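Student: Numbering-wise (full-length UniProt numbering), the sequence shown opens with residue 1 and increments by one. Quick reminder that beta carbons are idealized off the backbone N, C-alpha and C, glycines included. For clarity, every value in this text was computed on a predicted model and none was experimentally measured. Before I ask anything, here is the structure I am working with.
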Amino acid sequence: MRTVILEKEEIDKKLKRMASQIVERNVGEKSICLIGIVRRGVNVAESLAEHIIASGEMNVEVGSLDITLYGADHNLIAKYPVLNDTDIRFSIDNKIVVLVDDILYTGKTIHTAIDALLDIGSPSEVQLACFVDRGRRTFPISADYVGVRVPSSGLERVVLHVEEVDGESCVMIEKRDSSAAFKI
């Protein structure tokens, strides 16, 4: 069973608000770097960059960080990560980097992404933007910018669909059967 909890218009409003918060926190900076975690984190980063650039307050460089799994079990996000199609064509040394993901849940993906980011360079600061924060962390990770908080159980899956990948923009909750639940 699927329940849509946010439509495209609401998503756009929340992205604008997140972009404004990024600008406000980094006032006085000439530029920042947004690094989206592949797959949908890249789309969120690109949308945030458009809004930040439109504000005229600062320049934005956008890149992508691909942490992919060995094997096919996508329920074990970041258990055995590898860098594949990372596309960061600029130095992140001594720069403010906003790491962007679509869904923040246990924190494992973000933990892995930060490790990978630090292998690439040495930013002056790493901030975290996630469109959906599900709660239920198993790592001490907290987002600086959140579009929407959706507390959910291990029996639910929260999904952000983006037009560029899925043909529609929405946030939905999908119910799983108890045998497919994450064990936390």
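Could you name the residues of the same chain whose beta carbon sits closer than 7 Å to that of Thr3, not counting the 5 residues immediately before and after it, in chain order?
Tutor: For the purposes of this step, residue 3 is identified with residue 3 of the sequence shown, where counting begins at 1. Counting only Cβ-Cβ distances below 7 Å, and skipping sequence neighbours, we find Met172, Ile173.
Student: By the three-class DSSP mapping on this structure, what secondary structure does Ile92 have?
Tutor: Start at 1 with the first residue of the sequence shown, and residue 92 comes out as number 92. Note: Ile92 maps to coil in three-state DSSP.
Student: Under 6 Å Cβ to Cβ from Val100, same chain only, skipping five residues before and after it: list those, please.
Tutor: Stepping through the sequence shown from its first residue, residue 100 is reached at position 100. Leu34, Gly36, Gly41, Val44, Ala45, Ala129.
Student: Could you check whether the segment 17-28 touches the segment 51-71, counting it as contact only if at least three pairs of C-beta atoms, one from each stretch, sit closer than 8 Å?
Tutor: With the cut-off at 8 Å, the segment 17-28 and the segment 51-71 touch.
Student: Apart from the five residues on each side of it in sequence, which residues of its chain come closer than 6 Å, Cβ to Cβ, to Pro123?
Tutor: Along the sequence shown, read from residue 1 onward, the residue named residue 123 stands at position 123. Within the same chain, Pro123 has close Cβ partners Ile92, Lys95, Val97.
Student: Between which two residues does the alpha helix (DSSP H) carrying Ile110 extend?
Tutor: As a working note, residue 110 is residue 110 in the sequence shown. Segment 108-120, the alpha helix (DSSP H) holding Ile110.
Student: Mark Gly167 as exposed unless 16 or more other C-beta atoms lie within 10 angstroms of its C-beta, in which case mark it buried.
Tutor: As a working note, residue 167 is residue 167 in the sequence shown. When all chains shown are included, Gly167 counts as exposed.
Student: Using a 10 Å radius around the Cβ and a threshold of 16 neighbouring Cβ atoms, would you call Met18 buried or exposed?
Tutor: Sequence index remark: in the sequence shown, residue 18 carries index 18 (1-based). Under this definition Met18 is a buried residue.
Student: Below 8 Å on the Cβ atoms is my contact criterion, and I expect Leu155 with Arg176 to pass it. Report the Cβ-Cβ distance as a whole number of Å.
Tutor: Here residue 155 refers to the residue found at position 155 of the sequence shown. Here residue 176 refers to the residue found at position 176 of the sequence shown. Confirmed, Cβ separation roughly 5 Å.
Student: Among all the DSSP beta bridges, which residues are the ones paired with Gln127?
Tutor: The residue labelled residue 127 in the question sits at position 127 within the sequence shown. Val98.
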